[in-house]
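Read in order, the letters of the sequence shown are residues -22 to -1, 1 to 280 in mature numbering (1 follows the signal peptide of the UniProt record, and there is no 0).
Below: one structure, written as structure tokens.
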Amino acid sequence: MGFTTRPFSLTLLLLLIPAILASFELVPLAESASDYTSLVYKGCSKQVFTDPSGVYSQTLSALLGSLVQQSSKAKFFKTSSGGGQTSFSGLFQCRGDLSNADCYNCVSKLPSMADSLCGKTVAARVQLYGCYLLYEISGFAQISGMELLYKTCGTTNVAGTGFEERRDTAFSVMENGVVSGHGFYTTNYQSMYVLAQCEGDLGDSDCSECVKTAVQRSEVECGSSISGQIYLHKCFISYSYYPNGVPRRSSSSSSSSSSSSSGSGGNTGKTVAIILGGAAGVGFLVICLLFARNLTKKHDDI
């Protein structure tokens, strides 16, 4: 008993290619793992403690253990351990846009890093991109909150392109935002990515002054560099200029309001996703064509 069927049109399949490809959602590939646990700088006291009884080591270990424990539920914590001349005080702080899990992962790396980088010093500070840890023995000499601890400036200069005006405006937005954000602010503004953070127990007024000082230092230290990071004792700022638009970042800006920026960021990831999605679509079409060819061949045989 026969039946009629129309040959599957290869021309029709070719006409359907755009529609089939359009049905695939081209999701950008996941961005590379954050570098928030990478070392930025270390500061180690030249004075070390002798510890024949082990009391200093035990007190310091207890302090660091307490800091790590608190990092799973807070982004800033300050405490002390021990008593008298053998006591230590310390703190940790995570970047404001890190999750609790990332904060813990960052801080938990700091005790061993402090030990390997500084040894048995009476004071140490280790700064990673996403967090930092500071400890010091009782009676350690204090420094100004505006003291410059570390700076780094991009090697590329962009003078004469309107960069300074954009940077200065972005800094102004950041200086206001860090106050309203109570110590943390990050945003994109006209191809500029800026971030500022103050130590967790710093009041809004002191935070504002610290960030303004960091901005002034960046203008002096980095000039027209395309990027820069300025770390003062009580605050730090970071900025980067992206002529083609600020790329999308994996971490969320928890206390910022995003300002206008060029919208061409993240194109590299999307390009890779399109290539992979296109390859998958072509593979699907090949299977369809082979299936249609088999149907046509069977029909001819019948």
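Ideal placement from N, C-alpha and C gives every residue a C-beta, glycine not left out.
It should be emphasised that the depicted structure is a prediction, and the values quoted were computed from it without experimental measurement.
Opposing strand residues paired with residue i [DSSP bridges]
i: threonine 57; result: Gly68
i: alanine 148; result: According to DSSP, alanine 148 bridges with nothing at all.
i: arginine 103; result: Gly21 and Leu112
i: lysine 212; result: In DSSP, lysine 212 forms no bridge with anything.
i: threonine 164; result: Leu173
i: cysteine 96; result: According to DSSP, cysteine 96 bridges with nothing at all.
i: cysteine 81; result: None; cysteine 81 has no bridge partner.
i: threonine 130; result: Gln207
i: valine 26; result: Thr99
Contact under 9 Å by Cβ, residue i with residue j
i: serine 58; j: serine 65; result: yes
i: isoleucine 204; j: alanine 174; result: no
i: glycine 21; j: leucine 41; result: no
i: tyrosine 217; j: tyrosine 128; result: no
i: glycine 138; j: glycine 161; result: no
i: residue 284; j: valine 193; result: Lying outside -22 to 280, the shown extent of the chain, residue 284 is not represented and no answer is given.
i: cysteine 84; j: leucine 106; result: yes
i: glycine 206; j: glycine 132; result: yes
i: cysteine 81; j: lysine 56; result: no
Secondary structure of residue i, DSSP reduced to three states
i: serine 137; result: Reading the sequence as shown, one finds alanine at residue 137 and not serine. Of the three classes helix, strand and coil, the one that applies to alanine 137 here is coil, per DSSP.
i: valine 250; result: Residue placement at valine 250 cannot be trusted, given a pLDDT of 35 that sits under 50; what the coordinates show is reported in the next sentence. DSSP places valine 250 in helix when its eight states are reduced to three.
i: tyrosine 34; result: helix
i: residue 366; result: Lying outside -22 to 280, the shown extent of the chain, residue 366 is not represented and no answer is given.
i: methionine 124; result: coil
i: glycine 62; result: helix
i: alanine 40; result: helix
i: serine 76; result: It should be pointed out that residue 76 corresponds to leucine in this sequence rather than to serine. Reduced to three states, the DSSP call for leucine 76 is coil.
Buried/exposed call for residue i, threshold 16 Cβ in 10 Å
i: arginine 145; result: buried
i: valine 26; result: exposed
i: residue 327; result: No information on residue 327 is available, as it lies outside the stretch -22 to 280 that the chain covers here.
i: glycine 241; result: Note that glycine 241 has pLDDT 33, beneath the 50 cutoff, so the model's placement of it is unreliable and no number is given.
i: serine 169; result: buried
i: glycine 108; result: buried
i: threonine 191; result: buried
i: asparagine 166; result: buried
The ligand NAP heavy atom lying under 8 Å from the CB of residue i
i: lysine 24; result: This structure does not include the ligand NAP; it has no bound ligands of any sort.
Handout entry: beta strand (DSSP E) runs wholly inside the stretch 173 to 223, at least 3 long, in chain order
Key = Those beta strand (DSSP E) runs which fall completely within the stretch 173 to 223 and span 3+ residues are 205 to 210 and 213 to 219.
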